[in-house]
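For the sequence shown, the positions run 231 to 776 when the numbering used here is used.
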Amino acid sequence: MNNHVDGVALGVLIFFFAAVTAMGFMAARWRRADNALHLDEWGLGGRSFGTWVTWFLLGGDLYTAYTFVAVPAAIYGAGAAGFFAVPYTIIAYPLVFLFLPRLWSVSRRHGYVTSSDFIRGRFGSKSLSVAVALTGILATMPYIALQLVGIQAVLDVVGIGGSDSTNWFVKDLPLLIAFGVLAAYTYSSGLRAPALIAFVKDALIYIVIAVAIIYIPYKLGGFDDIFHKASTAYAVKNPATGKPRGSLLVAPQAQWSYATLALGSAMALFLYPHSVTAVLSGKSRTVIQRNTAILPLYSLMLGLLAMLGFMAVADGVGKGVKGYNPQLAIPQLFENVFPSWFTGVAFAAIAIGALVPAAIMSIAAANLFTRNIYKDLIRPHATAEEETRVSKLASLVVKVGALVFVLSMDKTVAINFQLLGGIWILQTVPAIVGGLFTRWFHRWALLAGWAAGMAYGTWKAYEQSSPAQAHFGGNSDTIPGIGRIGYIGLTAFVLNLVVAVVLTLVLRAVKAPAGTDETVRADYSAAPGEPGEPELPLAPTTAPSA
């Protein structure tokens, strides 16, 4: 942590923060709707975003400030194992090309706002819909918190956050201000705010990475020197474990863990509520198909971003120090290497990179609460205006919860819960993705499979320990029947799927009531609003029994 304030970097950071704040409030007038008090407008931007707006929105949604901090931090701490994020984003896009257009079509045809809306309509089950909604909310909360951790890392390094002041209010005031601004413009403008700000956020990130990948190696003596220093640093044994800190290549014994983590993460990526929200905001099926084709450009950026982890190691070795806090490694690297004015630009990229996804995540969680808990369980006859008001308030509550999480708990706890969230989200795959292609699964079997996967994944994650903590110390464990170390979430998913298949066979054999499917085959390939396809009125959703 810095003990002095870098005035120039802070000034540049404040300038960009003020600019995007103004954009956030101005977004309420961008593509202004006839009826702003409708959840389609506030929570999905009127379902009107074209290819480029959706591309920036999804990029801002998936490649967050925490990505900017955590991916190179993982490489800084352990080496090549941190690169799993690159292949998993490459794997994800061919997978989502198969199901996202179908989800968009059926959601547009029936007016679904969330993935749980689709589950309720497809399987005729409130219970399964609520289970998926609660999973999404629980997985999203620590994800929002980690965006605030990203902002806090920048504030720590620039010298105005996490100071030595014993007054908690003074210490956390900059983060509180950032939170207040985020809450205000999200409440006012809804999804339009992060969609507009995403243009600035992504432009800054691309500029910073393009400069960093050239300028930092020049300052540190070239890539040969960087990799040599990193290799030397990784070879040093950790006193707590007696093992080397990391390696430049994934060790053979870690390859199953690496591969299963990449595959499981790819399967879960677009099932997070914020990903679904960004997808459903697209104005056409073609917009979604184009985005699954061009979003891999962000994977190129992610690969270059990951390289910063090696540079941070080399910078620390070159100064003869043990190294930084991994979560501060990249902000500290930028401050050490860049001139102050460009350090401010880099810090602005990270901070704004937190505001965009935090806004989308809070909106997505609020939509889930409003549509699938408040309306389905509490107020089934709520009007569109009431839904919007409740969702706005729920988005504030979600942000407050994330802020309390960050301010009251150790950052390691937030990271562990985010990793647990990935395990949980993966358990919604059979219901959501399976439901997009087949009605064969029985609703009760899917619910039982979800419960089994959630219980197993949480239990096994709880059992993992590390030198720093007794529980939730990792996300890999021995795969039953194989004997290799693999990703707990993928093992839990297999258990989930097996339970769902077996119970479906049993329940169909005893002719258990299957629930009413309000969708038809044509809904999944419909392209309303595109050339040759008339715009269809949104059908009212029903509220079937459990």
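Even for Gly, the Cβ is constructed at its ideal location relative to N, Cα and C. The model shown is predicted, which means the values in this text are computed figures rather than measured ones.
Apart from the five residues on each side of it in sequence, which residues of its chain come closer than 7 Å, Cβ to Cβ, to residue i?
{"i": "S418", "result": "F255 and A258"}
{"i": "Y488", "result": "A311, F314 and V480"}
{"i": "G550", "result": "In this prediction, G550 scores a pLDDT of 40, lower than 50, which makes its location untrustworthy; no coordinate-derived value is stated."}
{"i": "A375", "result": "A632, F635, V636 and A644"}
{"i": "D784", "result": "Residue 784 falls outside the range modelled here, since the chain spans only 231 to 776, and no answer is possible."}
{"i": "L649", "result": "N705"}
{"i": "R520", "result": "T281"}
Nearest to residue i by CA position, among the options, is which residue?
{"i": "V441", "options": "I653, M531 and L287", "result": "M531"}
{"i": "N705", "options": "A484, V659 and I443", "result": "A484"}
{"i": "A369", "options": "D270, A498, P324 and Y323", "result": "A498"}
{"i": "L269", "options": "G341, P331 and D432", "result": "G341"}
{"i": "I709", "options": "L676, H701 and Y686", "result": "Y686"}
{"i": "T281", "options": "A383, F540, A523 and I456", "result": "A523"}
{"i": "Q657", "options": "A433, F635 and L364", "result": "L364"}
{"i": "D236", "options": "K629, P561, A722 and L735", "result": "P561"}
{"i": "A756", "options": "I655, F246 and L330", "result": "L330"}
{"i": "A304", "options": "L501, A675, S621 and G476", "result": "G476"}
{"i": "Y323", "options": "L525, A661, A559 and R332", "result": "L525"}
{"i": "I456", "options": "L650, S357 and M537", "result": "M537"}
{"i": "P447", "options": "A584, A588, G539 and W260", "result": "G539"}
{"i": "A383", "options": "R738, D402, R277 and T600", "result": "D402"}
{"i": "V628", "options": "N521, G713, I367 and I580", "result": "I367"}
{"i": "A300", "options": "L378, S357 and P743", "result": "L378"}
{"i": "F667", "options": "V316, F599, R277 and L333", "result": "L333"}
{"i": "L534", "options": "A249, S621 and P302", "result": "P302"}
{"i": "L274", "options": "G713, M371 and K622", "result": "K622"}
{"i": "H234", "options": "L358, A700, L385 and T490", "result": "L385"}
{"i": "F599", "options": "A700, S357, A624 and A581", "result": "A624"}
{"i": "G652", "options": "A691, A614 and V630", "result": "A691"}
{"i": "H458", "options": "P474, L478 and I444", "result": "L478"}
{"i": "F647", "options": "V250, P372 and V343", "result": "P372"}
{"i": "A249", "options": "G452, P482, S335 and A581", "result": "A581"}
{"i": "W654", "options": "G713, A722 and T490", "result": "A722"}
Considering only residues of the same chain and omitting the five flanking positions on each side of residue i, which have a CB-CB separation below 8 Å?
{"i": "R619", "result": "L267"}
{"i": "L493", "result": "Y318, I321, Y717 and L720"}
{"i": "M253", "result": "A423, L426, I427 and V430"}
{"i": "V360", "result": "S346, N602, I603, D606 and L607"}
{"i": "A778", "result": "The structure shown has nothing for residue 778, since the chain only spans 231 to 776."}
{"i": "F279", "result": "L287, A425, S511, G512, K513 and V517"}
{"i": "I590", "result": "L287, G290, D291, L421, P424, H504, T507 and A508"}
{"i": "R277", "result": "D270, R338, L510, S511, G512 and K513"}
{"i": "I715", "result": "Q483, A484, W486, S487, S706, D707, T708 and I709"}
{"i": "T416", "result": "G254, A423, P424, A589, S592, I593, S625 and K629"}
{"i": "K473", "result": "K467"}
{"i": "L405", "result": "L378, I381, Q382, L385, G391, L633, V636 and L637"}
So residue i packs on residue j, CB below 8 Å; how close in whole Å?
{"i": "D291", "j": "S505", "result": "6 Å"}
{"i": "E616", "j": "G420", "result": "Not really, about 16 Å apart at Cβ, beyond 8 Å."}
{"i": "N726", "j": "G665", "result": "The Cβ separation is near 14 Å, so there is no contact."}
{"i": "L325", "j": "A496", "result": "6 Å"}
{"i": "S337", "j": "F348", "result": "6 Å"}
{"i": "L501", "j": "V242", "result": "37 Å between Cβ atoms; not a contact."}
{"i": "A408", "j": "I439", "result": "Not really, about 23 Å apart at Cβ, beyond 8 Å."}
{"i": "A675", "j": "L626", "result": "Actually they are not in contact, since the Cβ atoms of A675 and L626 sit about 37 Å apart, beyond 8 Å."}
{"i": "D747", "j": "G354", "result": "6 Å"}
{"i": "A661", "j": "L358", "result": "6 Å"}
Please list, in chain order, all residues of the same chain as residue i whose beta carbon is under 6 Å from its beta carbon, the five residues on each side excluded.
{"i": "A678", "result": "V729 and L733"}
{"i": "K449", "result": "V567"}
{"i": "G703", "result": "Q694, S695 and S696"}
{"i": "W680", "result": "A361 and Q657"}
{"i": "A460", "result": "F540, V543 and A544"}
{"i": "F246", "result": "A578"}
{"i": "V663", "result": "F329"}
{"i": "I244", "result": "none"}
{"i": "T251", "result": "V411"}
So is the beta-carbon of residue i under 7 Å away from any non-hydrogen atom of the ligand MG?
{"i": "F246", "result": "Ligands in the displayed structure: none, and consequently the ligand MG is not present."}
Spell out the partners DSSP gives residue i in its beta bridges.
{"i": "T708", "result": "I715"}
{"i": "P474", "result": "K467"}
{"i": "G309", "result": "S477"}
{"i": "Q377", "result": "Per DSSP, none; premise fails for Q377."}
{"i": "Q699", "result": "S696"}
{"i": "G512", "result": "F279"}
So, does the CB of residue i fall closer than 8 Å to a CB anywhere in chain B?
{"i": "H340", "result": "Checking the listed chains, one finds no chain B in this structure; it contains a single protein chain."}
Count the C-beta pairs between the stretch 461-476 and the stretch 292-300 that are closer than 8 Å, then say yes if the count reaches three, no if not.
-> no
Is the stretch 560-567 in contact with the stretch 530-545, if contact means three or more CB pairs nearer than 8 Å?
-> yes
Hey, is the stretch 307-316 in contact with the stretch 588-601, meaning 3+ C-beta pairs nearer than 8 Å?
-> no
Quick one: any contact between the stretch 517-531 and the stretch 737-752, if contact means 3 or more CB pairs under 8 Å?
-> no
Sufficient close CB pairs (3 or more, under 8 Å) joining the stretch 666-682 to the stretch 503-521 = no
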